[in-house]
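Note that numbering that gives the first Met the number 0 gives residue 265 to position 266 of the sequence shown, counting from 1, and the numbers run on in steps of one.
First up is the structure itself, then whatever we jot down about it.
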Amino acid sequence: MHIALATNQEYPNLLEGEVLPLEAFSKAGYDAEPAVWNDPSVDWGQFGHIIIRCCWGYHRKVEEFYSWLDKLGALGVTVHNPPEIVRWNSHKRYLLDLQSMGLPVPETTLVSRSDARPLQETSGSLSCDQVVIKPCYGASSQGVMKVVRGETSEESEAQYRRLLRSSEVLVQEFIPEIAQGETSAVFFNNHFSHAVVKVPKTGEFRTNYDLGGTEHAVTLSTEQKARVERVYAQCKQDVLYARLDFVETAKGIRLMELELIEPYLFFDYQEGAADGFVKAFEQRIERK
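Written out as structure tokens, the structure reads:
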């Protein structure tokens, strides 16, 4: 069976930690290779399965990315995760869908590009003290800003307007407990695999590594694991891989993101995770 692990032009051979599942597929007897998603020379029809991995930056070419997914569908290639789920997850309004399903998402509202209200007014529509503004197409905290609810400055208003020129935006309750860390729980074939905690640097609320954040593996307690599994089950997604990012608060888990497209899955933080990923893949194709 010929398998492609789709990646981007920056990492044509996959990022270091993402090479581990490639090696695990080869060890299990599969013909697996990386392939750049927007490389016109790639014959996607040669693959039986395509697994989306290091396609970071797709949100800057989202229509081209959607066209690629359509092409794969026309070729009859099986894509993981399924294109319809990828499309849904690519726009952050999916958080509003999860919120309407009763998931513990921070208080969130969507602002359309045509909304002429100033930031002071839109941020004031929430009931919290501070809000986070984020573009609906985005990754790695690009364009994300934090403001005090109902307040604004010339600089923040200008940044807000820049965001609205290119995308709808989410105005979301800020969760201060993120200062103690955000946990990423990784699931393979809808079963919990492992978890990593991402801690922002002092004075920062974004947990990204390139913004000074740190990461370390964590073992969830039996109670934590059960709670996370319940939250994941509520999301009602049937996929090969998922990453559920959450923050622990006095009121319980707050679901920050459900990453179903190209999340970093921290294979290098958990011994045997790549082999578990391959087994999850095999379980999915066996049930078809």
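Even for Gly, the Cβ is constructed at its ideal location relative to N, Cα and C.
Here the structure is a predicted model, which means the values were calculated and not measured.
Residue i - partner residues in DSSP beta bridges
{"i": "CYS53", "result": "THR6"}
{"i": "ARG242", "result": "VAL185 and GLU258"}
{"i": "THR108", "result": "VAL170"}
{"i": "LYS145", "result": "VAL131"}
Spatial distance of residue i from residue j (CA atoms)
{"i": "PRO81", "j": "GLU153", "result": "42 Å"}
{"i": "GLU181", "j": "THR218", "result": "14 Å"}
{"i": "ALA73", "j": "PRO39", "result": "16 Å"}
{"i": "ILE177", "j": "VAL230", "result": "18 Å"}
{"i": "MET0", "j": "THR6", "result": "19 Å"}
{"i": "VAL246", "j": "ILE174", "result": "8 Å"}
{"i": "GLN223", "j": "ASP274", "result": "24 Å"}
{"i": "LEU239", "j": "LEU259", "result": "9 Å"}
{"i": "VAL146", "j": "GLN129", "result": "6 Å"}
{"i": "ARG283", "j": "GLN119", "result": "48 Å"}
{"i": "TYR29", "j": "PHE265", "result": "22 Å"}
{"i": "PRO250", "j": "LEU97", "result": "Looking at the sequence shown, residue 250 is not Pro but Lys. So the alpha carbons of these two residues sit roughly 18 Å apart."}
{"i": "GLN179", "j": "GLU214", "result": "12 Å"}
{"i": "ARG164", "j": "MET100", "result": "30 Å"}
DSSP state of residue i mapped onto helix, strand, coil
{"i": "LYS235", "result": "coil"}
{"i": "ASP30", "result": "strand"}
{"i": "PRO134", "result": "strand"}
{"i": "PHE191", "result": "strand"}
{"i": "GLY251", "result": "strand"}
Supposed close pair residue i, residue j - CB separation, criterion 8 Å
{"i": "LEU14", "j": "CYS53", "result": "5 Å"}
{"i": "VAL195", "j": "ALA23", "result": "About 19 Å separates the two Cβ atoms, so there is no contact after all."}
{"i": "ILE49", "j": "ALA31", "result": "Rounded, the Cβ-Cβ distance is 11 Å, inconsistent with contact."}
### Query
When the Cβ atoms of the segment 108–123 are set against those of the segment 177–191, are three or more pairs found closer than 8 Å?
no
### Query
Is the segment 155–163 in contact with the segment 202–213, if contact means three or more CB pairs nearer than 8 Å?
no
### Query
Pairing CB atoms from the segment 58–78 with CB atoms from the segment 28–45, are three or more of them under 8 Å?
yes
#### Entry: Contact between the segment 194–203 and the segment 122–136 (3+ Cβ pairs under 8 Å)
no
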